[in-house]
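Taken in order, the sequence shown gives residues 16 to 456; the numbers are from this note's numbering.
Backbone N, C-alpha and C define an ideal beta-carbon position, used for all residues, glycine too.
These notes are about the structure you will find just below.
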Amino acid sequence: MRVPLMTIQTGSALPAEADVVVIGAGVVGTFTAYYLARRGVRVALLEKGAVGAEQSSRNWGWCRQQNRDARELPLATRSLALWDSLAAEIGEDPGFSRCGLLYLSNDDAEIAGWARWGTFARGVGVTTFMLDGEEASRRGAATGKRWKGGVFSPTDGIADTRRAVPVAALGVMKYGGTVHQGCAARGLEVSAGRVSGVVTEAGTIRTRTVVMAGGAWASSFCNQLGVRFPQSSVRSSILAVAPGAQGLPDALHTSQVSVTRRGDGGYNLAISGGARVDPTPQQIRFIRQFGPMLAKRWRNIAPGGLQAWKAGHETLARWRLDEPTPMEACRVLDPVPDARQIALTHRRAMDLLPALRTVPVAATWAGYIDSTPDGVPAIGEIEDIPGFILAAGFSGHGFGIGPGAGHLIADIVTGAEPLVDPRPYHPRRFAASAWGKVAEF
Ligand SMILES: Cc1cc2nc3c(=O)[nH]c(=O)nc-3n(C[C@H](O)[C@H](O)[C@H](O)COP(=O)(O)OP(=O)(O)OC[C@H]3O[C@@H](n4cnc5c(N)ncnc54)[C@H](O)[C@@H]3O)c2cc1C
16 MRVPLMTIQT GSALPAEADV VVIGAGVVGT FTAYYLARRG VRVALLEKGA VGAEQSSRNW
76 GWCRQQNRDA RELPLATRSL ALWDSLAAEI GEDPGFSRCG LLYLSNDDAE IAGWARWGTF
136 ARGVGVTTFM LDGEEASRRG AATGKRWKGG VFSPTDGIAD TRRAVPVAAL GVMKYGGTVH
196 QGCAARGLEV SAGRVSGVVT EAGTIRTRTV VMAGGAWASS FCNQLGVRFP QSSVRSSILA
256 VAPGAQGLPD ALHTSQVSVT RRGDGGYNLA ISGGARVDPT PQQIRFIRQF GPMLAKRWRN
316 IAPGGLQAWK AGHETLARWR LDEPTPMEAC RVLDPVPDAR QIALTHRRAM DLLPALRTVP
376 VAATWAGYID STPDGVPAIG EIEDIPGFIL AAGFSGHGFG IGPGAGHLIA DIVTGAEPLV
436 DPRPYHPRRF AASAWGKVAE F
């Protein structure tokens with residue numbers, strides 16, 4: 016079954032020249048193009064498939080500060096403020112609301128971890144409430160269970176994954192940028208040591224600045240340029256149920272299953288952290304860097320099959336710029352969901368929330384979540400190739416922080432005062448140590 020996604024008409028001719036070319040119309044690339052266009056920068060946004068069709072429409076839609084790594088928290092906070100103003104700026108609704116996120120648990124260690132994070136977060140101005148057993152059970156009444164404790168983060172929210180990125184792309188065009196679907200960027204031209212163009216399947220665009228926001232495809236693209244970007248993906252599966260279940264929280268996390276209301280009144284169901292690792296040549300290449308992350312998460316992940324190898328996003332092959340590339344062979348990375356995970360998710364969700372027993376399954380899908388070794392995005396200019404800015408590896412958190420990331424990248428490109436300190440995100444940190452430090456929260 017297909018992931019639900021709004022389609023938009025783009026179709027303008029490829030420009031011969033642009034101030035900036037952004038590769039990849041996921042949440043990161045599209046918001047980068049949006050904030051550049053708003054500053055009057057001539058920007059072209061290239062997408063090999065359809066706007067938003069990979070990770071950015073396959074996720075839960077959570078836009079959260081809650082439990083964020085300290086390095087990512089400022090971007091999460093600023094992103095929420097940007098989400099707030101998008102509908103008015105663009106004139107179309109991305110389906111964002113600050114509904115608050117509810118976390119429930121009966122595990123003392125988990126509750127203690129949330130409490131530690133809360134102490135840190137309140138110190139930097141984030142509103143988050145620890146819930147005692149009585150309050151957690153009251154807020155979680157739809158479960159019909161007693162809970163030991165929980166968290167409620169009232170200023171966090173969710174956005175509509177079917178609409179958010181297409182709406183942002185409409186915003187790009189509204190403010191003068193161009194968007195090109197079905198147009199893969201095959202590689203870069205470099206002259207006198209600096210980016211001078213982007214070679215696409217439809218021709219070359221002259222430009223001095225390129226943003227690579229290709230999600231799970233970023234490392235294989237970098238590899239063509241001799242840039243080593245440690246990146247790896249896992250396959251995560253989701254189940255959507257039809258509208259009709261009443262009285263459920265908008266967004267609820269438990270260790271067993273998480274539940275998120277969609278814009279149409281149905282719910283998305285998933286198991287946090289549950290994923291398959293489908294081996295690829297790239298994973299083998301970067302296995303040492305990802306060792307600590309795998310060691311930390313092994314309880315939730317299971318070995319998968321060969322579908323990622325076949326899809327080609329983590330190939331180590333070198334390709335030519337005058338022939339079709341793996342990006343043209345796979346317009347939309349659309350992995351097969353894990354049937355066992357889906358069945359387990361559904362069972363757990365119906366156990367947790369009896370109201371879900373009354374509604375049928377509407378769709379199932381999966382997405383490859385691309386990560387860096389430390390679980391924090393890689394954003395910054397690659398020093399060896401001036402004009403080439405990498406923005407990938409959003410590690411399962413990129414949807415919520417997409418607006419802030421796009422704004423920050425636009426700041427870097429235009430030399431404006433950065434929205435947040437960009438230094439913690441720079442990809443050079445992966446060169447310094449072969450072993451990434453995994454985020455603790
Ligand atoms: C199941 C699941 C649940 C998640 N839940 C959440 C959540 O609740 N909250 C949250 O914040 N995040 C969540 N995430 C993570 C989030 O979805 C990602 O971090 C985010 O969408 C990444 O955005 P992106 O723009 O970097 O990549 P993508 O959305 O993958 O976009 C990259 C785009 O680049 C295009 N592309 C690649 N190479 C080229 C090329 N050479 N030329 C042209 N186009 C190219 C691709 O076709 C693709 O459309 C989840 C992810 C999944 C899969």
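Between the Cα of Thr360 and the Cα atoms of Val256, Ala326, Gln196 and Phe403, which residue gives the shortest distance? The shortest C-alpha to C-alpha distance from Thr360 to any of Val256, Ala326, Gln196 and Phe403 is the one to Val256.
I think Gly430 touches Val226, with their Cβ atoms under 8 Å apart; what is that distance to the nearest whole Å? With a Cβ gap of about 14 Å, Gly430 and Val226 do not count as contacting.
Is the beta carbon of Thr47 less than 8 Å from the beta carbon of Ala184? Contact: no.
Residue burial classification, Trp313 (beta-carbon count within 10 angstroms, cutoff 16): By the Cβ neighbour-count rule, Trp313 is exposed, with fewer than 16 other Cβ atoms within 10 Å of its own.
Helix or strand or just coil, what does DSSP make of Gly451? Since pLDDT at Gly451 reaches only 44, below the 50 mark, its modelled position is unreliable, and the value read off the structure follows with that caveat. In this structure, Gly451 counts as coil in the three-state DSSP scheme.
Runs of beta strand (DSSP E) lying entirely within the region 124 to 193, each at least 3 residues, in chain order: Fully enclosed beta strand (DSSP E) runs of 3 or longer: 144 to 146 and 164 to 168.
To the nearest whole angstrom, what separates the beta carbons of Val18 and Ala40, a pair I think is in contact under 8 Å? Not confirmed; about 15 Å, so no contact.
Does the separation of the CB atoms of Asp293 and Leu321 fall below 8 Å? Cβ distance < 8 Å, so Asp293 and Leu321 count as in contact.
Using a threshold of 7 Å, is the CB atom of Ile427 nearer than that to any non-hydrogen atom of ligand 1? No, ligand 1 has no heavy atom inside 7 Å of this Cβ.
Could you tell me which residues DSSP puts in a beta bridge with Phe403? In the DSSP output, where bridge partners are listed per residue, Phe403 has Val225.
In whole angstroms, what is the alpha-carbon distance linking Leu51 and Leu61? Computed Cα separation, rounded: 14 Å.
May I ask whether a heavy atom of ligand 1 can be found less than 7 Å away from the beta carbon of His412? Here the distance from the Cβ of His412 to the nearest heavy atom of ligand 1 is below 7 Å.
Is Glu204 a contact residue of ligand 1, with contact defined as CB to any heavy atom under 7 Å? No - ligand 1 has no heavy atom lying nearer than 7 Å to the Cβ of Glu204.
Expressed to the nearest angstrom, what Euclidean distance is found between the alpha-carbon atoms of Trp380 and Ala68? A straight-line Cα-Cα distance of about 12 Å links Trp380 and Ala68.
Other residues of its chain near Pro437: CB distance less than 7 Å, five sequence neighbours each side excluded: Excluding sequence neighbours, Pro437 sits near Ile394, Gly395, Leu423 and Ile427.
Tyr383 - DSSP class collapsed to helix/strand/coil: When DSSP states are grouped into helix, strand and coil, Tyr383 belongs to the strand group.
Continuous beta strand (DSSP E) stretch holding His268: start and end: Residues Ala266 to His268.
If Ala136 sits next to Gln70, beta carbons under 8 Å apart, how far is it from one beta carbon to the other, in whole angstroms? Incorrect: roughly 26 Å between the Cβ atoms, too far for contact.
From this set, Ile299, Gly327, Leu20 and Leu203, which residue's C-alpha is nearest Ile38's C-alpha? Here the closest residue by C-alpha is Leu203.
So, are the CB atoms of Phe463 and Pro439 less than 8 Å apart? This structure leaves residue 463 out entirely; the chain is present only between 16 and 456.
Contact belief for Pro442 with Phe244 at Cβ below 8 Å, rounded distance in angstroms: In this structure Pro442 is in contact with Phe244, their Cβ atoms being roughly 6 Å apart against a cut-off of 8 Å.
Can you check the region 284 to 365 for any alpha helix (DSSP H) of at least 4 residues that lies completely inside it and give the ranges in chain order? Qualifying alpha helix (DSSP H) stretches, in chain order: 296 to 300, 302 to 312, 322 to 326 and 341 to 344.
Following the continuous alpha helix (DSSP H) through Gly421, name the residue where it begins and the one where it ends. Gly421 -> alpha helix (DSSP H) spans Gly417 to Thr429.
Inter-residue Cα distance where the pair is Val471 and Trp129: Residue 471 lies beyond the stretch modelled for the chain, which goes from 16 to 456, so this question has no answer here.
Nearest-angstrom Cα distance between Gly319 and Glu104? In a straight line, the C-alpha of Gly319 is about 43 Å away from that of Glu104.
CA-CA distance, Ala317 and Asp122? Roughly 23 Å separates the two Cα atoms.
Consider the C-beta atom of Ser152 and the heavy atoms of ligand 1; say whether any pair is separated by less than 7 Å. Outside the cutoff, so no.
Report whether the distance from the Cβ of Gln70 to the nearest heavy atom of ligand 1 is below 7 Å. A heavy atom of ligand 1 is found nearer than 7 Å to the CB of Gln70.
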